[in-house]
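Asks: Take the sequence shown: its position 267, counting from 1, is numbered 266 in numbering that gives the first Met the number 0, and each next residue is one higher. Quick reminder that beta carbons are idealized off the backbone N, C-alpha and C, glycines included.
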Amino acid sequence: MQYDRQAFATAPDGTRLFYGVRGPRPDVLESGSSGPTWILSDGIGCDGFAWRYLQPHLAERHRVVHWHYRAHGRSGLPVDSARIDIAAHARDLLAVMDAAGIESAILAGHSMGTQVSLEAYRLAPDRVRGLALLCGSYGKITTTFHGSDVLKTVLPSIIDVVEKNQGLARAVWGRIPPTLAFRFAQLAREVDALAIREEDFRFYMEHVASMEPGIFFAMLRLAGEHTAEDVLERIHVPALVVAAERDTFTPYALAQHMADVIPGAEFFLLRGASHAAPVEQPVAVEVRIAKWLADRFANVASSQRQAG
Numbered sequence: 000m001q002y003d004r005q006a007f008a009t010a011p012d013g014t015r016l017f018y019g020v021r022g023p024r025p026d027v028l029e030s031g032s033s034g035p036t037w038i039l040s041d042g043i044g045c046d047g048f049a050w051r052y053l054q055p056h057l058a059e060r061h062r063v064v065h066w067h068y069r070a071h072g073r074s075g076l077p078v079d080s081a082r083i084d085i086a087a088h089a090r091d092l093l094a095v096m097d098a099a100g101i102e103s104a105i106l107a108g109h110s111m112g113t114q115v116s117l118e119a120y121r122l123a124p125d126r127v128r129g130l131a132l133l134c135g136s137y138g139k140i141t142t143t144f145h146g147s148d149v150l151k152t153v154l155p156s157i158i159d160v161v162e163k164n165q166g167l168a169r170a171v172w173g174r175i176p177p178t179l180a181f182r183f184a185q186l187a188r189e190v191d192a193l194a195i196r197e198e199d200f201r202f203y204m205e206h207v208a209s210m211e212p213g214i215f216f217a218m219l220r221l222a223g224e225h226t227a228e229d230v231l232e233r234i235h236v237p238a239l240v241v242a243a244e245r246d247t248f249t250p251y252a253l254a255q256h257m258a259d260v261i262p263g264a265e266f267f268l269l270r271g272a273s274h275a276a277p278v279e280q281p282v283a284v285e286v287r288i289a290k291w292l293a294d295r296f297a298n299v300a301s302s303q304r305q306a307g
């Protein structure tokens with residue numbers, strides 16, 4: 000990920016949060032010659048994996064802010080170790096907006112970032128101009144992995160083993176060869192073997208390996224307990240829901256339901272794509288988002304130019 004400016008925000012509990020900004024200068028944005036600001040929120044364990052191609056594309060006409068969750072990338076470990084749930088991430092997102100001087104923005108989330116974006120809407124709907132939700136669900140993600148609740152069932156045992164063997168778990172966690180993981184993901188059809196590049200997958204594996212495994216699994220458990228389903232029918236901003244036909248992490252039926260419940264939401268299904276759809280089919284994602292922006296935000300930009 001490349002940025003024009005990098006900085007840190009302070010979370011409500013004092014945790015240090017990294018964010019980077021890319022795109023037009025504030026004076027260009029204020030002139031109405033560019034589009035609304037975007038905030039990009041990752042999936043768990045990611046520090047830009049899903050946005051590798053979309054971020055520079057959006058930054059041609061928008062100010063784009065990408066940030067790292069607590070315990071991810073360049074952000075610090077949580078000051079309060081108990082605050083690693085979705086609500087904490089949503090409050091962190093708003094703290095990043097405050098630090099970057101952003102009053103309102105389009106919130107884009109990939110995977111767990113969908114839950115974070117929806118929770119941020121719950122907390123501060125007046126600060127959300129739109130929602131772009133990619134390959135994600137409104138919640139309870141551990142009950143729908145591969146179409147069953149097996150992940151929710153085994154996760155407590157995994158967490159228990161990791162906590163009792165922290166040194167060994169950390170050693171194994173950080174030494175899985177990216178190439179081996181990539182081949183396994185291809186064989187298991189977790190990614191589109193024909194579309195995704197190994198370089199992109201390695202980028203993801205490096206991010207995951209840099210996390211503490213105990214925090215990763217605890218965060219996953221909390222994401223599995225969270226739901227924002229009650230928020231969906233109360234959303235009154237433009238929403239685009241992008242799903243992948245072969246997504247085994249968040250099956251596209253969940254995304255379809257989300258789009259059906261959100262008033263006026265648009266739904267787009269990427270055929271043949273997996274959970275990594277934004278890096279497998281970046282052009283298709285870019286084109287669909289461009290259409291959504293033109294249809295739902297063009298009048299706003301036009302009125303801004305006329306007012307100026």
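(1) Beta carbon of L348, beta carbon of D125: below 8 Å?
(2) For a quick check, are the C-beta atoms of A81 and E118 less than 8 Å apart?
(3) Closest to Q1 by CA distance: which of H56, G13, A10 is it?
(4) Taking only the alpha-carbon atoms, compute the straight-line gap between T142 and L39 and give it to the nearest angstrom.
(5) Assuming Y120 contacts V64 (C-beta within less than 8 Å), just tell me the rounded distance between them.
(6) Leaving aside the five residues before and after A187 along the sequence, list all residues of the same chain whose C-beta is less than 7 Å from its C-beta, in chain order.
(7) Just the C-alpha distance for G22 and R62, rounded to the nearest angstrom, thanks.
(8) Since T226 contacts K290 with CB under 8 Å, what's their CB separation in whole angstroms?
(9) What span of residues does the alpha helix (DSSP H) with S116 cover, start to end?
(10) Counting only the same chain and skipping the five closest in sequence on each side, list residues whose C-beta sits under 7 Å from that of G112.
(11) G47: buried (16+ other C-beta within 10 angstroms of its C-beta) or exposed?
(12) If you follow the alpha helix (DSSP H) that F215 is part of, which residue opens it and which one closes it?
(13) Quick check for students: name the residue ranges of the alpha helix (DSSP H) that lie wholly in the region 47–118, counting only runs of 4 or more.
(14) Going by DSSP in three states, L241 sits in which element: helix, strand or coil?
(15) Would you kindly work out how many angstroms separate the C-alpha atoms of V127 and I234, rounded to a whole number?
(16) Which residue or residues does DSSP assign as beta-bridge partners of G19?
(17) Give a yes or no on whether the C-beta atoms belonging to G129 and V78 are separated by under 8 Å.
(18) Going by CA-CA distance only, name the one from I288, L53, M96 that's closest to F266.
(19) Taking the continuous alpha helix (DSSP H) assigned at D279, which residues delimit it?
(20) Counting only the same chain and skipping the five closest in sequence on each side, list residues whose C-beta sits under 7 Å from that of A6.
(21) Near I261, what residues of its chain come up, given a Cβ to Cβ distance below 7 Å and the 5 sequence neighbours on each side ignored?
(22) Whole angstroms are fine: how far does the CA of S273 sit from the CA of E279?
(23) Just grab the DSSP bridge partners of G129 for me.
(24) Counting along the chain, where does the alpha helix (DSSP H) carrying E228 start and finish?
(25) Compare the C-alpha of R270 against each of A293, A243, F296, E224 and name the closest.
(26) Return the CA-CA distance between S30 and T36, expressed in angstroms with no decimal places.
(27) Quick one: is D246 buried, meaning 16 or more other Cβ sit within 10 Å of its Cβ, or exposed?
Replies: On the basis of the data shown:
(1) The requested residue 348 is not part of the displayed model; the chain covers only 0 to 307.
(2) Not in contact: A81 and E118 (Cβ atoms no closer than 8 Å).
(3) Residue H56 is the option with its Cα nearest to Q1.
(4) Roughly 25 Å separates the two Cα atoms.
(5) Going by Cβ atoms, the distance from Y120 to V64 rounds to 16 Å, so no, they are not a contact pair.
(6) Note that A187 has pLDDT 47, beneath the 50 cutoff, so the model's placement of it is unreliable and no number is given.
(7) Inter-residue distance for G22 and R62 is about 4 Å (C-alpha atoms, whole angstroms).
(8) Between K290 and T226 the Cβ distance is about 30 Å, and since that is not below 8 Å, they are no contact.
(9) Element bounds for S116: 111–122.
(10) Counting only Cβ-Cβ distances below 7 Å, and skipping sequence neighbours, we find S40, D41, G42, G135.
(11) By the neighbour-count definition (other C-beta atoms within 10 Å, threshold 16), G47 is a buried residue.
(12) If you look at F215, you'll find it in the alpha helix (DSSP H) that goes 212–224.
(13) 53–57, 85–98, all fully within the region 47–118.
(14) The identity of residue 241 in the sequence shown is Val, whereas the question assumes Leu. The answer is strand: DSSP assigns V241 an E or B state.
(15) In this structure, the alpha-carbon of V127 lies about 10 Å from that of I234.
(16) The bridge partners DSSP lists for G19 are Q5, H65.
(17) Going by beta carbons, G129 and V78 fall outside the 8 Å limit.
(18) Scanning I288, L53, M96 for the CA closest to the CA of F266 turns up I288.
(19) According to the sequence as given, residue 279 is Glu; it is not Asp. Judged by DSSP secondary structure, E279 falls within the alpha helix (DSSP H) whose first and last residues are 276–279.
(20) So the list reads Y18, A98, once near-sequence residues are dropped.
(21) Excluding sequence positions up to five before and after I261, its CB lies within less than 7 Å of the CB of L231, I234, A238, all in the same chain and listed in chain order.
(22) Whole-angstrom Cα-Cα distance: 8 Å.
(23) Listed as beta-bridge partners of G129 by DSSP are I105.
(24) E228 -> alpha helix (DSSP H) spans 228–231.
(25) Nearest C-alpha to R270: A243.
(26) In this prediction, S30 scores a pLDDT of 49, lower than 50, which makes its location untrustworthy; the coordinate-derived value is nonetheless stated afterwards. A straight-line Cα-Cα distance of about 13 Å links S30 and T36.
(27) That one is buried.
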